[in-house]
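Please read the structure below before turning to the comments.
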Amino acid sequence: MLHNIYYAILGCFQWTVWEIVFLYGFVNGRLPVVMDSQLFSSWYNIAGLIFWILFLPIWRDVQFYFVHRFIHVRPYYKFVHSLHHRNVYPEPFSGIAMHPIEHLMYIVPCLAPSLYFGLSPLILLWNGVHLMTSPAGAHSGYEDIFMNEQLHHIHHATFNTNFGGLGLPLDLIFGTFKPTLNQHKEAKDSRILFGPSHLLPGVYQVIFNISTLLLFLCTWWGVTWGTAGGPLLAAGFTLAPPAMATALYYISKDKMPISWPFQQDPWLPLHLILGLLNLLPIYHIILAIAP
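Each residue of the sequence shown is one higher than the one before, starting from 1 at the first, in the UniProt record's numbering.
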């Protein structure tokens, strides 16, 4: 549990950083925004606020499903998402117990409506509350009429099923829905899915983690004190993690195919494209605040 609490705190910290970044962009005119004086000046703007409050959970379901599929492709899973999947039997703190790169992929693309559509800061805050609190319920082990968390527990047990939430039937559409463990032929042998468990990270994981830290520090320095190179800085921050993960996958001579576990999935090209599209908000937010 301490492991999960540590990474959950890192997730809350990263959300706070991105909240500050967005508010900075709103105040300085670098990001579109609707302020309170405009929001309550017309029924059209009020209706827009109500629409986005109701629509955001649906947007989150769609965005989360495709990002989740993307980070299950072997390079990203090996160096990023596997940290979250150490929890074969999840508990509330495991909800946002993620690698910092996964926090980045989890938070920023989901904030795309506030990045592109000029919404009230209330939408940003509502999005953040939903992002930071709903995973605790999804990993709690308790069920109610709104959340059937058994499905996400099956995901942690079987690895390649039940990627989405309950808002939209995306797992049914793309053939990844499994209502029971008995329907998964590999569920009885966790070694097939997860491999051996190690207390300390391997050499290549250490290299990736150090590179991630340097990436965050260099981007922070470039945004804070840099004078030029915004597009290059934004592109480097956005593309470096998948590039590093892919390079280390090949250097480490991983035995699994790069497309594992989706090598026989006809939807794989679509999921890769949509996963890569989720990188665009990361690029654009850095570009917006860079000098």
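By construction, the Cβ of each residue, glycine as well, lies at the ideal position given by its N, Cα and C atoms.
How big is the Cα-Cα spacing for residue i and residue j?
i, j, result
"P90", "H99", "16 Å"
"H153", "F55", "26 Å"
"L268", "I71", "12 Å"
"G164", "P281", "21 Å"
"T246", "V67", "17 Å"
"F262", "L166", "22 Å"
"L122", "P257", "44 Å"
"G202", "P75", "14 Å"
"K255", "L248", "13 Å"
"H284", "C110", "13 Å"
"Y106", "N278", "10 Å"
"Y7", "I210", "16 Å"
"residue 293", "H3", "Residue 293 lies beyond the residue range present for the chain, which begins at 1 and ends at 291; the question has no answer from this structure."
"V88", "W43", "48 Å"
"R86", "A47", "43 Å"
"H130", "N45", "22 Å"
"G118", "P32", "4 Å"
"R60", "P113", "11 Å"
"F22", "L124", "8 Å"
"H155", "T133", "19 Å"
"A288", "T219", "13 Å"
"Q150", "N162", "10 Å"
"S41", "T158", "51 Å"
"I207", "D265", "31 Å"
"D189", "L272", "Its pLDDT being 45, under 50, D189 is placed unreliably in this model, and the value from its coordinates should be taken loosely. In a straight line, the C-alpha of D189 is about 28 Å away from that of L272."
"I5", "A234", "30 Å"
Let me know if residue i comes out buried or exposed under the rule of 16 or more other beta-carbons within 10 Å of its beta-carbon.
i, result
"N127", "buried"
"L214", "exposed"
"S120", "buried"
"F93", "buried"
"P196", "A caution first: P196 carries a pLDDT of 44, below 50, which makes its placement in the model unreliable, though a value can still be read off. Exposed."
"P179", "exposed"
"P135", "buried"
"L270", "exposed"
"I96", "buried"
"W15", "buried"
"A243", "exposed"
"G229", "exposed"
"Q63", "buried"
"residue 299", "Outside the modelled stretch of the chain, which goes from 1 to 291, sits residue 299, for which no answer is possible."
"residue 293", "A question about residue 293 goes unanswered here, because the residues of the chain that appear run from 1 up to 291."
Assuming residue i and residue j are in contact, meaning their beta carbons sit under 8 Å apart, how far apart are those beta carbons, in whole angstroms?
i, j, result
"P241", "T212", "7 Å"
"P291", "G236", "That belief does not hold up - the Cβ atoms of P291 and G236 are roughly 15 Å apart, past 8 Å."
"L10", "H103", "7 Å"
"L170", "Y250", "That pair is no contact at about 31 Å."
"I58", "L168", "7 Å"
"V34", "S259", "Incorrect: roughly 42 Å between the Cβ atoms, too far for contact."
"G275", "R69", "7 Å"
At the 7 Å Cβ level, is residue i part of the contact set with chain B, yes or no?
i, result
"H153", "The structure shown contains no chain B; it is built from a single protein chain."
Going along the chain, which unbroken runs of the alpha helix (DSSP H) with 4 or more residues stay wholly within the UniProt domain "Fatty acid hydroxylase" (54-176)? Listed in chain order, the complete alpha helix (DSSP H) runs (minimum 4 residues) inside the UniProt domain "Fatty acid hydroxylase" (54-176) are 74-79, 100-107, 112-116, 121-138, 150-158, 170-173.
On the three-pair Cβ rule with 8 Å, is the stretch 69-89 touching the stretch 26-41? With a cut-off of 8 Å, the stretch 26-41 and the stretch 69-89 do not count as touching, because too few Cβ pairs lie within range.
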